[in-house]
Amino acid sequence: MRAVFFINLIAIVTLAGALGRMYEGAPLPWTTHDLVVMPPAETSALATPQVQAEVPASPAPDARGSLRILTEGDYPPFNYRGPDGRLTGFDIELARALCERMKRDCRFETHGWASLVSLLQRGQGDAVVASMLIPSPAREALSRGEGIIFTQRYYSTPGHFAARKSGVSVAASAASLAGKRIAVQSGSIHEAFLKQHFPGVVIIGAASLDEAEKALTEARVDMLFADRNALLRWLKDGHEASCCQMVGVDYSNPEFFGAGVGIALRASDKGLRDEFDIALRALLDDGTYAAISRRYFGQNIR
Numbered sequence: 643m644r645a646v647f648f649i650n651l652i653a654i655v656t657l658a659g660a661l662g663r664m665y666e667g668a669p670l671p672w673t674t675h676d677l678v679v680m681p682p683a684e685t686s687a688l689a690t691p692q693v694q695a696e697v698p699a700s701p702a703p704d705a706r707g708s709l710r711i712l713t714e715g716d717y718p719p720f721n722y723r724g725p726d727g728r729l730t731g732f733d734i735e736l737a738r739a740l741c742e743r744m745k746r747d748c749r750f751e752t753h754g755w756a757s758l759v760s761l762l763q764r765g766q767g768d769a770v771v772a773s774m775l776i777p778s779p780a781r782e783a784l785s786r787g788e789g790i791i792f793t794q795r796y797y798s799t800p801g802h803f804a805a806r807k808s809g810v811s812v813a814a815s816a817a818s819l820a821g822k823r824i825a826v827q828s829g830s831i832h833e834a835f836l837k838q839h840f841p842g843v844v845i846i847g848a849a850s851l852d853e854a855e856k857a858l859t860e861a862r863v864d865m866l867f868a869d870r871n872a873l874l875r876w877l878k879d880g881h882e883a884s885c886c887q888m889v890g891v892d893y894s895n896p897e898f899f900g901a902g903v904g905i906a907l908r909a910s911d912k913g914l915r916d917e918f919d920i921a922l923r924a925l926l927d928d929g930t931y932a933a934i935s936r937r938y939f940g941q942n943i944r
């Protein structure tokens, strides 16, 4: 009996000790060699890629980088090189103001007019700011190529009449101009417009706009019809301002004069297009655009 009692007592003590070790987290001595240490569960490693895939990282503040602005550099007063060789003009000043508003560092490159769109398409520039007409549905022939989009208009390109101040100032209507001698550049959209909308006038074709302007200055014609902005510039800076003046109203028929001039970009750069549009609206609202326009043309040409 005593032997049985001691055996039972030893068993109870041993069991109690084992339970105590288990409570403390220690393995039982007779099972230590059977334990297999498992690596910790990789819950976070499995979950992290899923979270990263669903939540893209935000771009760094300077991730937008600089922009390469393509222009011609040989189209005064819009884009040209001044006497000091520095690129200037209405297009250039406006582009610089837009870049400043967008907080972009912009670098300007000049290339031949015919190569501007192809350079843009090949990724060798980010935007074309070169007085490029926005194609309208009625002017599909002027499409500049596949994959090109435009900002909103940054200036309009209507036709307009000019006449000598010594002559009788007339309202430029089809009836009032019947029989008048009108100088216009031969083969231009302005000549085509006159033929369709002013059939009663006598068209005097000129080889260039300069020749047409000279014809009016020398009183060899009654009036001149040309691009409004070109006429504004002509009358603003030269002695012609003393002889001649703008008469009548703007003619903005889109089938002839397009939807205005915009900044060209690749179709894939819609976000950049929106940046330019927002910046242009800000310059229009705060008077910056009007100030730049008056420096070159004496009025707002938007």
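In my numbering, each residue's number is its place in the sequence shown (first place is 1) plus 642. Ideal placement from N, C-alpha and C gives every residue a C-beta, glycine not left out.
| Item | Value |
| --- | --- |
| Which word fits R937, buried or exposed, when buried means at least 16 other C-beta atoms lie within 10 angstroms of its C-beta? | exposed |
| Do R710 and E742 have their C-beta atoms closer together than 8 Å? | no |
| When DSSP builds the beta bridges, which residues end up paired with Q794? | DSSP output for Q794 lists no bridge partner at all. |
| Three Cβ pairs or more, each shorter than 8 Å: is that satisfied between the segment 844-861 and the segment 764-774? | no |
| When the Cα of E833 is compared with those of S818, T859, A868, which residue comes out closest? | A868 |
| Below 8 Å on the Cβ atoms is my contact criterion, and I expect P800 with R870 to pass it. Report the Cβ-Cβ distance as a whole number of Å. | 5 Å |
| I'd like to know if the segment 906-922 and the segment 720-735 are in contact, where contact means that at least 3 CB-CB pairs between them fall below 8 Å. | no |
| Residues in its own chain within less than 7 Å of P719 by CB, not counting five upstream and five downstream? | G731, F732, R875, Y938 |
| Considering only residues of the segment 861-896, which uninterrupted alpha helix (DSSP H) runs meet the minimum length of 4 residues and lie entirely inside it, listed in chain order? | 870-879, 882-885 |
| Could you tell me which residues DSSP pairs with Q766 in its beta bridges? | In the DSSP output, where bridge partners are listed per residue, Q766 has none listed. |
| Using the C-alpha atoms, what's the distance from A817 back to G724? | 44 Å |
| With C-beta atoms as the reference, is G940 less than 8 Å away from R795? | no |
| Give a yes or no on whether the C-beta atoms belonging to L866 and E882 are separated by under 8 Å. | no |
| Quick check on the DSSP output: the beta strand (DSSP E) that includes L907 runs from which residue to which? | 903-908 |
| Which ranges would you report for the beta strand (DSSP E) in the segment 794-852 if only whole runs of at least 3 residues count? | 801-806, 823-827, 844-848 |
| State buried or exposed for I905, treating a residue as buried only when at least 16 other CB atoms are found within 10 Å of its CB. | buried |
| For F750, which of helix, strand or coil comes out of DSSP? | strand |
| Based on the DSSP secondary-structure assignment, which residues constitute the bridge partners of Y717? | N721 |
| Which same chain residues, not among the five before or five after I652, have their C-beta less than 6 Å away from its C-beta? | With a pLDDT of only 44 at I652, under 50, the local geometry of the prediction cannot be trusted, and no value is derived from it. |
| DSSP on I920, reduced to helix/strand/coil? | helix |
| Determine the direct distance from the alpha carbon of A825 to that of T859, and round the result to whole angstroms. | 11 Å |
| Assign R936 to one of three DSSP states: helix, strand, or coil. | helix |
| From which residue to which residue does the alpha helix (DSSP H) around I734 run? | 732-744 |
| Beta-carbon within less than 7 Å of V678's beta-carbon, same chain only, minus the 5 sequence neighbours each way: which residues are those? | Because the pLDDT at V678 is just 37, under 50, the model does not fix this residue reliably, and the value given afterwards should be weighed accordingly. So no residue of the chain qualifies. |
| Looking only at its chain, what residues have a beta carbon closer than 6 Å to the beta carbon of E714, apart from the 5 residues adjacent to it on each side? | N721, W755, A772 |
| Could you say which of I790, Y797, R738, K878 lies nearest to V759 if we only look at CA atoms? | I790 |
| Would F803 and G890 qualify as a contact pair, given that the criterion is a beta-carbon distance under 8 Å? | yes |
| So R823 packs on D864, CB below 8 Å; how close in whole Å? | 5 Å |
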